[in-house]
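K.L.:
Structure provided below as structure tokens; questions to follow.
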Amino acid sequence: MARKLLLEHINVPGINTFDVYRSKGGYAAVEKALKTLSPDDVVEEVKKSGLRGRGGAGFPTGMKWSFLAKPEGVERYLVCNADESEPGTFKDRYLMTYIPHLLIEGMIVASYALGAKTSYIYVRGEMMPQIRILEKAIAEAKNKGFLGKNILGTGYDLELYVQPGGGAYICGEETALLESLEGKRGNPRIKPPFPAIAGLYGCPTVVNNVESIAAVVPIINEGGDEYAKLGIGRSTGTKLISAGGNLRKPGVYEIDLGLPVEEFLYSDEYCGGIANGKRLKAVVAGGSSVPILPANLFLKTINNEPRLMSYESLADGGFVSGTMMGSGGFIAYDEDQCIVRNTWNFARFYHHESCGQCSPCREGTGWMEKVLHRLEYGHGKMSDMDLLVDVAKKIEGNTICPLGDAAAWPVASAIRHFRDEFEWHVTHPNEATTRNFGIAHYADPLPKLEEAAS
Amino acid sequence: MLSVQDTNTPVTFSPELISKFADVVSRYPVGKQKSALLPILHLVQAEFGWTSVPAMDKVAEYLSIQPIEVYEVASFYTMYFLKPQGKYMLEVCRTGPCEIVGASKIMDHIENTLGVKEGDVTPDGLFSWRGVECLAACGFGPVLQIGPEYTFYENLTTESVDKLIGDLKGKANN
Ligand SMILES: Cc1cc2nc3c(=O)[nH]c(=O)nc-3n(C[C@H](O)[C@H](O)[C@H](O)COP(=O)(O)O)c2cc1C
Ligand code: SF4
Ligand code: FES
């Protein structure tokens, strides 16, 4: 069994309390960092670890930290992104629910490294129970001298606050999040300037995902080099995967990056295969925003190599035959699922969540939703597929924030890989809503490369 | 379309509520009290069941900002109710991963059981329901939540929904 760095103690009774967490070695990273390392040393360890942002974009965390501007006499902020709203992703909520002190500990170490004296955890408003859990954990840590003035007698002061959102997926985008934290509508800002230069209240700010911050704890405890030994290539360390959909054992799993996809999906240690003895039809590997793949292309790359759970392997084949790691929101679709219906559902989601600032996103997501709705309900036309691809292309790259791309990719990829299912909805209008197209050839072994090319 | 229900019912904020507001405001640098807006609107909604115009106006006054700055925020975010809701607002996740494990069936069942359409309130004022987007619990779907504590219910079945509605009715009648 692979080593767990984040979830090792998740099943220990009472691990959500300070005392039990501490008895399992908790807050050792705070002691080590504040007493024996300089802030720059901490940044250096995180750089060495190769940790890449776990919120979706995969940007190297250490590098992001080193970009933070440090003008004299200006506050700097660390803001934790706990907005977790990407469909398919539920790891951050899980971590905050069961082992909240891991996040608090990570926040203290990361704030120290960045020289922040006030830090915020922005939690989506729907997670009121988790907000209470975090507030309690903060109060405990403060009571024990790990937060507040002169932490552990080192002279370092830090206040940590939890901020609720108001219910808006777009506030997961880091500049929309900062707007929201300033008490405004969640409209993403035009970049540059990047938050590292002008973020919260115009001050230099780092925004990091919950899991990225939590990973700092084992990195400091064991050293960046040790962390980097786990994983494969530039995908270092462990990653939380939220596994949902038609699986025998859905849940949150911590994997070593580089685990073969097939093992993750079918072994009893992880997802345990597809529920109810069905066959796998398709997978969304990294949250609703990443391209959907048919089962065969997901399990093997176009070169017939086994696919691995790593940033590089999942992206192998680009958008033609690959996908992305994204936030690690893994959704499995069995043979009974309708890809057209799912694509319509996602398009509806993005239309609902568009903040409305950019016309291509605001209008384009609405068009895609409408066209997909008519396809799903048997009123579509053969030309609709090209129309959808065209709309998706016109959104992509033409918007202020990546929500536009996130809305376009699922639609474009569904049509790329499942076009015959869309066409079937047009040619079988009466059956479109009463029965499903089924699994077709989507799980068949991949053709040899030479055949595929001909 | 978003619309705010008209009401002239004046609101008063109790000293306890005001002290909670003050606690929130203390989290931000001096002059950045507008940051307290979202948390304060949650407190207002928990107290009054929704965010009415008179309540929003008082929040604006408290934070020394323009009323429009409150309205534009309350109408942007999905969690703030601009009209009264049932005492229990059942919010069911309707996004893809929950949908493939049966979210639509749960929403249909709730609609039939309560006898009201999405967004409407039952005649006894006890219930309303609506579909919401992914609640970050996709592996445990279908799921629903009920404010103001946002109590969470996972792996829903029509039976567990019946029991929940029955329990809430019992609780309300006691
Ligand atoms: C529409 C949209 C939604 C996002 N939602 C989240 C989210 O819920 N949580 C998150 O950590 N990052 C989210 N991100 C990514 C953030 O903008 C940002 O890249 C991330 O918080 C950086 O943290 P990391 O480097 O630790 O991953 C989202 C991005 C976009 C464009
Ligand atoms: S791409 Fe969409 S969500 Fe992002 S800023 Fe533009 S309109 Fe808003
Ligand atoms: S899709 Fe329902 S909780 Fe994520």
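Protein chains in written order, with the numbering used here: chain A, 1 to 454; chain B, 1 to 174. Think of the CB as a built atom: it goes at the ideal place given N, C-alpha and C, for glycine as much as any other residue.
Flag residue 116 of chain A as yes when its Cβ comes closer than 7 Å to any non-hydrogen atom of ligand 4, and as no otherwise.
P.N.:
No copy of ligand 4 occurs in the structure displayed; its ligands are ligand 1, ligand 2 and ligand 3 alone.
K.L.:
Assuming contact is defined by CB atoms lying nearer than 8 Å, are residue 121 of chain A and residue 80 of chain A in contact in what I supplied?
P.N.:
Taking 8 Å as the Cβ cut-off, residue 121 of chain A and residue 80 of chain A qualify as a contacting pair.
K.L.:
What are the complete alpha helix (DSSP H) segments, minimum 4 residues, inside the stretch 213-268 of chain A?
P.N.:
Segments of the alpha helix (DSSP H) lying fully in the stretch 213-268 of chain A: 224-229, 261-266.
K.L.:
Spatial neighbours of residue 391 of chain A within its chain, please: CB distance less than 7 Å, with the 5 preceding and 5 following residues excluded, ordered by chain position.
P.N.:
Here the set comprises 364, 367, 368.
K.L.:
Using a Cβ-based criterion (distance less than 7 Å to any ligand heavy atom), does residue 343 of chain A qualify as near ligand 2?
P.N.:
No; taking the cut-off as 7 Å, the Cβ of residue 343 of chain A has no heavy atom of ligand 2 nearer than that.
K.L.:
Exposed or buried, which one is residue 14 of chain A when buried takes at least 16 other CB atoms within 10 Å?
P.N.:
Exposed is the call here.
K.L.:
Among all residues, which have a Cβ less than 6 Å from at least one non-hydrogen atom of ligand 2, and in what chain order do they fall?
P.N.:
Any residue whose Cβ sits closer than 6 Å to a heavy atom of ligand 2 makes the list: A:170, A:188, A:354, A:355, A:356, A:357, A:358, A:361, A:362, A:399, A:400, A:401, A:403, A:404.
K.L.:
Just the chain A side, please: which residues come within less than 9 Å of residue 42 of chain B by C-beta, in chain order?
P.N.:
Correct list: 125, 128, 164, 166.
K.L.:
If I follow the unbroken alpha helix (DSSP H) through residue 327 of chain A, where does it start and stop?
P.N.:
Run containing residue 327 of chain A: none; DSSP gives neither H nor E here.
K.L.:
List, in order along the chain, the chain B residues whose C-beta lies closer than 7 Å to that of residue 93 of chain A?
P.N.:
Chain B residues near residue 93 of chain A: 136, 137.
K.L.:
State buried or exposed for residue 441 of chain A, treating a residue as buried only when at least 16 other CB atoms are found within 10 Å of its CB.
P.N.:
Exposed is the call here.
K.L.:
If you count every other CB in all the chains shown that lies within 10 Å of the CB of residue 252 of chain A, and 16 or more means buried, which is it?
P.N.:
Buried, by the Cβ-count rule.
K.L.:
Just to confirm, does residue 96 of chain B get its C-beta within under 7 Å of one of the non-hydrogen atoms of ligand 3?
P.N.:
At least one heavy atom of ligand 3 is nearer than 7 Å to the Cβ of residue 96 of chain B, so yes.
K.L.:
Alpha carbon to alpha carbon, how far is residue 93 of chain A from residue 141 of chain B?
P.N.:
Roughly 14 Å between the two C-alpha positions.
K.L.:
Quick check on the DSSP output: the alpha helix (DSSP H) that includes residue 463 of chain A runs from which residue to which?
P.N.:
A question about residue 463 of chain A goes unanswered here, because the residues of chain A that appear run from 1 up to 454.
K.L.:
Can you tell me which of the three DSSP states residue 15 of chain B falls into?
P.N.:
Note: residue 15 of chain B maps to helix in three-state DSSP.
K.L.:
Given that residue 417 of chain A touches chain B, what residues does it touch there, using C-beta distances under 7 Å?
P.N.:
The contacting residues do not exist; residue 417 of chain A stays about 16 Å from chain B at best.
K.L.:
Is residue 350 of chain A near residue 282 of chain A, with beta carbons less than 8 Å apart?
P.N.:
No, Cβ-Cβ distance for residue 350 of chain A and residue 282 of chain A is not below 8 Å.
K.L.:
Is it a yes or a no for the stretch 99-118 of chain A touching the stretch 111-118 of chain B, going by three-plus beta-carbon pairs under 8 Å?
P.N.:
No, they do not touch.
K.L.:
Roughly how many whole angstroms lie between the Cα atoms of residue 130 of chain B and residue 90 of chain B?
P.N.:
C-alpha separation (whole angstroms): 6 Å.
K.L.:
So that I know if they touch, is there some Cβ in chain A lying closer than 8 Å to that of residue 27 of chain B?
P.N.:
At least one chain A Cβ lies under 8 Å of residue 27 of chain B.
K.L.:
Using only alpha-carbon positions, find the residue among A:59, A:3, A:341 that is nearest to residue 94 of chain B.
P.N.:
For the residues A:59, A:3, A:341, the minimum Cα distance to residue 94 of chain B belongs to A:341.
K.L.:
Return yes when the Cβ of residue 396 of chain A is within less than 8 Å of the Cβ of residue 169 of chain A, no when it is not.
P.N.:
No, these two residues do not count as a Cβ contact at 8 Å.
K.L.:
Any chance the CB of residue 87 of chain A is under 7 Å from a heavy atom of ligand 3?
P.N.:
At least one heavy atom of ligand 3 is nearer than 7 Å to the Cβ of residue 87 of chain A, so yes.
K.L.:
Kindly indicate if chain B contains any beta-carbon less than 8 Å away from that of residue 176 of chain A.
P.N.:
Cβ-Cβ to chain B under 8 Å: no for residue 176 of chain A.
K.L.:
Could you tell me whether the Cβ of residue 152 of chain B comes closer than 8 Å to any Cβ of chain A?
P.N.:
Yes, residue 152 of chain B lies at the interface with chain A (some Cβ there is under 8 Å from its Cβ).
K.L.:
Does ligand 3 have a heavy atom nearer than 7 Å to the CB of residue 93 of chain B?
P.N.:
Because some heavy atom of ligand 3 lies under 7 Å away, the Cβ of residue 93 of chain B counts as near it: yes.
K.L.:
Taking the alpha carbon of residue 374 of chain A as the reference point, which residue from A:330, A:423, A:210 has its own alpha carbon closest?
P.N.:
Taking only the C-alpha atoms, the option nearest residue 374 of chain A is A:423.
K.L.:
Residue 234 of chain A: which of A:243, A:223, A:256, A:12 sits nearest, CA to CA?
P.N.:
The option with the nearest alpha carbon to residue 234 of chain A is A:256.
K.L.:
Spatial neighbours of residue 269 of chain A within its chain, please: C-beta separation below 6 Å, excluding the five flanking residues on both sides.
P.N.:
Same-chain partners within the cutoff: there are none.
K.L.:
Taking 7 Å as the cut-off, is the CB of residue 59 of chain A close to at least one heavy atom of ligand 1?
P.N.:
Yes.
K.L.:
Using C-beta distances below 8 Å, list every residue in its chain close to residue 425 of chain A, excluding the 5 sequence neighbours before and after it, in chain order.
P.N.:
Around residue 425 of chain A: 340, 375, 376, 378, 380, 432, 437.
K.L.:
Rounded to whole angstroms, what is the Cα-Cα separation between residue 122 of chain B and residue 275 of chain A?
P.N.:
Rounded to the nearest angstrom, the two C-alpha atoms are 37 Å apart.
K.L.:
Determine whether the Cβ of residue 9 of chain A lies closer than 8 Å to any Cβ atom of chain B.
P.N.:
So no, residue 9 of chain A is outside the interface.
K.L.:
Below 8 Å, can you find three or more Cβ-Cβ pairs linking the stretch 9-24 of chain B to the stretch 54-61 of chain B?
P.N.:
Yes, the stretch 9-24 of chain B is in contact with the stretch 54-61 of chain B.
K.L.:
Who are residue 52 of chain A's beta bridge partners in DSSP?
P.N.:
Partner(s): A:60.
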